[in-house]
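Novice:
Number of protein chains: 2
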Amino acid sequence: MFFVRSAHIIPGMENGIANLLGALSLAVMDRIEQGAREVVGRGGETPAALIVIGYGQGMTNDKLRRILGLSHSGTVRLVDRLVSDRLVERRPGKDGREVALHLTSTGAAARNKLLASRISAVTSLLDVLSPAERKQLAILIRELLGRQDTSEMDRFTICRMCDDRVCTNCPLPTSKGQHAR
Amino acid sequence: MFFVRSAHIIPGMENGIANLLGALSLAVMDRIEQGAREVVGRGGETPAALIVIGYGQGMTNDKLRRILGLSHSGTVRLVDRLVSDRLVERRPGKDGREVALHLTSTGAAARNKLLASRISAVTSLLDVLSPAERKQLAILIRELLGRQDTSEMDRFTICRMCDDRVCTNCPLPTSKGQHAR
DNA sequence: GATAAATATGTGCGTAGCGCACATATCAGG
DNA sequence: CCTGATATGTGCGCTACGCACATATTTATC
């Protein structure tokens, strides 16, 4: 046993776990993104935007920009696409400069399909595990996420595809906010 | 064609684990892709292409296409970019129609940086766990991946970002082939 | 051995998704 | 009331990608 506990990259098989999690994450996201594209016909951050807008009724262009990690203009054009697809409406915000983004009824339906597709995609990978193994995995992931040092915006970013119908108690550390707003 | 997603959506809190894994995978891939873009200055499947080409010395355009899940023309243009960046060389393949893709020395160096960046990104998320927890997680992920019903091409696709310097024994089910060729 | 089908690559052209720089409108604070 | 901060929209360009088509080589068939 070597005591090489220096900065991050430890030589030897200690990185096997990082490689494994990287491979699993890639497989998971491949399947999520493929399903999302089939549902909404668009890729990139567009599916996440639809989900985020659906969290609350006060979403603005600028909050969305920070959550998605896009440039301002990129976000405006993304909303343009959602509006032209009749999934989102731009309404006047409380503050006269803000735009309040709201889902249309078709937008809400698309969002539900999107969330279901995502859960289904991940579940199809997970169901090779026994219930006990899934429980164990859930505990570990909750610990992993719960111990991260995340800003409030980080949490929204990580949760930008999360299914609020399923995620009852988010493990991400926070003083108060759970998901939306 | 990947896994058929049948009606696996279980109502209730059984989907909490799927949502958690989805959120974690998103966080992991966000960090991997950000680091990859910083290293090679390009996004999309370009970093994966660099890694895949580095696995063996017999990679062709068409094999690469199937592993990355891109169209044929998309792959040709991707290789064009790698060539213009002086990271990859097109050499005559054994079969007169094939093109043998080879990393240049700078390409190999970029690939190493890419792999290190990826491991570092995932490790920074993982190191909030204790060694025992990491071990437990590794075992679960190995089981999860090892029980998947994957074709040979599926395995290459899942492993298209994998660090062959670290992944000594890939858990993905296979009769023989580990990584390249 | 000639010809058809399969395989592998390259190209013209268009599109989606995004960033930079700039312009405009509204709000907060002196 | 004026300056700066905030929030949005636009012109323009680029990257990454797919579709349809063209071309070269190998394999199969007669």
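The listed protein sequences derive, respectively, from chains Y and A.
The first sequence begins at 1 in this note's numbering and counts up by one.
The second sequence begins at 1001 in this note's numbering and counts up by one.
Ideal Cβ positions, reconstructed from N, Cα and C, are used throughout, including at glycine.
1. In chain order, what residues of the same chain have a beta carbon less than 6 Å from the beta carbon of glycine 1177 of chain A, not counting five sequence neighbours either side?
2. Going along the chain, which residues of its own chain have a beta-carbon closer than 7 Å to the beta-carbon of threonine 1104 of chain A, five neighbours each way excluded?
3. Alpha carbon to alpha carbon, how far is aspartate 1127 of chain A from arginine 111 of chain Y?
4. What does a CB cutoff of less than 7 Å around alanine 27 of chain Y pick up in its chain, not counting 5 residues either side in sequence?
5. Note down the Cα distance separating arginine 1165 of chain A from lysine 1063 of chain A, rounded to an integer number of angstroms.
6. Answer with yes or no whether the minimum CB distance from isoleucine 67 of chain Y to chain A is below 9 Å.
7. Using 10 angstroms around the beta-carbon of glycine 1107 of chain A, count the other beta-carbons present and answer buried if the total reaches 16, otherwise exposed.
8. In chain A, which residues lie with their C-beta within 7 Å of the C-beta of methionine 29 of chain Y?
9. Span of the beta strand (DSSP E) holding arginine 165 of chain Y?
10. Cβ atoms of leucine 1129 of chain A and glutamate 143 of chain Y: under 9 Å apart, would you say?
11. With a 10 Å radius around its C-beta and 16 neighbouring C-beta atoms as the bar for buried, classify glycine 1096 of chain A as buried or exposed.
12. Buried or exposed for glycine 1054 of chain A, going by 16 or more other Cβ atoms inside 10 Å?
13. Glycine 16 of chain Y touches chain A at which residues, Cβ-Cβ below 8 Å?
14. Measure the beta-carbon distance from methionine 29 of chain Y to serine 1025 of chain A and round it to whole angstroms, keeping in mind my assumption that it falls under 8 Å.
15. Identify the continuous beta strand (DSSP E) that holds glutamate 1089 of chain A and give its terminal residues.
16. Label glutamate 1045 of chain A either buried or exposed according to how many other C-beta atoms from any shown protein chain fall within 10 Å of its C-beta, with 16 as the threshold for buried.
17. If I follow the unbroken alpha helix (DSSP H) through leucine 1114 of chain A, where does it start and stop?
18. At the 9 Å Cβ level, is threonine 1123 of chain A part of the contact set with chain Y, yes or no?
19. According to DSSP, what are the bridge partners of leucine 101 of chain Y?
20. In angstroms with no decimal places, state the Cα-to-Cα distance between cysteine 1167 of chain A and isoleucine 1119 of chain A.
21. Kindly indicate which three-state DSSP category arginine 1155 of chain A falls into: helix, strand or coil?
22. Express the C-alpha separation of glycine 1058 of chain A and alanine 109 of chain Y in angstroms, rounding to a whole number.
23. Go ahead and pull the three-state DSSP assignment for glycine 146 of chain Y.
24. Along the segment 1049–1062 of chain A, what residues have a CB closer than 7 Å to any CB found in chain Y?
Specialist: A quick look at the data gives this:
1. As a first step, residue 1177 of chain A is located in the second sequence; it is residue number 177 there, counting from the start. In this predicted model, glycine 1177 of chain A has a pLDDT of only 38, less than 50, meaning its place in the structure is not dependable enough to derive any value.
2. Taking the first residue of the second sequence as position 1, residue 1104 of chain A is located at position 104. Answer for threonine 1104 of chain A: Arg1086, Leu1087, Val1088 and Glu1089, listed in chain order.
3. To locate residue 1127 of chain A, count along the second sequence from 1; it is residue 127. To locate residue 111 of chain Y, count along the first sequence from 1; it is residue 111. When rounded, the distance between both Cα atoms is 34 Å.
4. Walking along the first sequence from the start, residue 27 of chain Y turns up at place 27. Taken in chain order, the residues that qualify are Leu125.
5. What you label residue 1165 of chain A is simply residue 165 of the second sequence in a count that begins at 1. What you label residue 1063 of chain A is simply residue 63 of the second sequence in a count that begins at 1. Distance between the alpha carbons of arginine 1165 of chain A and lysine 1063 of chain A: 22 Å.
6. Your numbering for residue 67 of chain Y matches position 67 in the first sequence. So, not an interface residue.
7. Here the question's residue 1107 of chain A lines up with position 107 in the second sequence. Counting Cβ neighbours within 10 Å, glycine 1107 of chain A comes out buried, since at least 16 surround it.
8. Locating residue 29 of chain Y in the first sequence gives position 29, counting from the first residue. By Cβ distance, chain A contributes Ser1025, Leu1026 and Met1029.
9. Here residue 165 of chain Y corresponds to residue number 165 of the first sequence, with the count starting at 1. That residue, arginine 165 of chain Y, is in no beta strand (DSSP E); it is neither H nor E in DSSP.
10. Along the first sequence, one-based indexing puts residue 143 of chain Y at 143. Along the second sequence, one-based indexing puts residue 1129 of chain A at 129. Their beta carbons are under 9 Å apart, which means glutamate 143 of chain Y touches leucine 1129 of chain A by this criterion.
11. The residue you call residue 1096 of chain A lines up with position 96 of the second sequence. The residue in question, glycine 1096 of chain A, is exposed, as its Cβ has fewer than 16 Cβ neighbours within 10 Å.
12. Sequence index remark: in the second sequence, residue 1054 of chain A carries index 54 (1-based). Under this definition glycine 1054 of chain A is a buried residue.
13. Stepping through the first sequence from its first residue, residue 16 of chain Y is reached at position 16. Chain A residues near glycine 16 of chain Y: Ala1138, Val1166, Cys1167 and Thr1168.
14. Here residue 29 of chain Y is taken as the residue at index 29 of the first sequence, counted from 1. Here residue 1025 of chain A is taken as the residue at index 25 of the second sequence, counted from 1. Contact flag correct, Cβ pair sits at about 5 Å.
15. Looking up residue 1089 of chain A in the second sequence gives position 89. Residues 1088–1092.
16. Locating residue 1045 of chain A in the second sequence gives position 45, counting from the first residue. Burial call: buried.
17. By one-based count along the second sequence, residue 1114 of chain A stands at place 114. Start and end: 1105–1126.
18. By one-based count along the second sequence, residue 1123 of chain A stands at place 123. Yes, threonine 1123 of chain A lies at the interface with chain Y (some Cβ there is under 9 Å from its Cβ).
19. The residue given as residue 101 of chain Y occupies position 101 in the first sequence. In the DSSP output, where bridge partners are listed per residue, leucine 101 of chain Y has Y/Arg90.
20. As a first step, residue 1167 of chain A must be located in the second sequence, where it is residue number 167. As a first step, residue 1119 of chain A must be located in the second sequence, where it is residue number 119. Approximately 11 Å, taken between the alpha carbons.
21. Stepping through the second sequence from its first residue, residue 1155 of chain A is reached at position 155. Looking at arginine 1155 of chain A - three-state DSSP - the assignment turns out to be helix.
22. Start at 1 with the first residue of the first sequence, and residue 109 of chain Y comes out as number 109. Start at 1 with the first residue of the second sequence, and residue 1058 of chain A comes out as number 58. Rounded to the nearest angstrom, the two C-alpha atoms are 47 Å apart.
23. Numbered from its first residue, the first sequence carries residue 146 of chain Y at position 146. It is helical.
24. none
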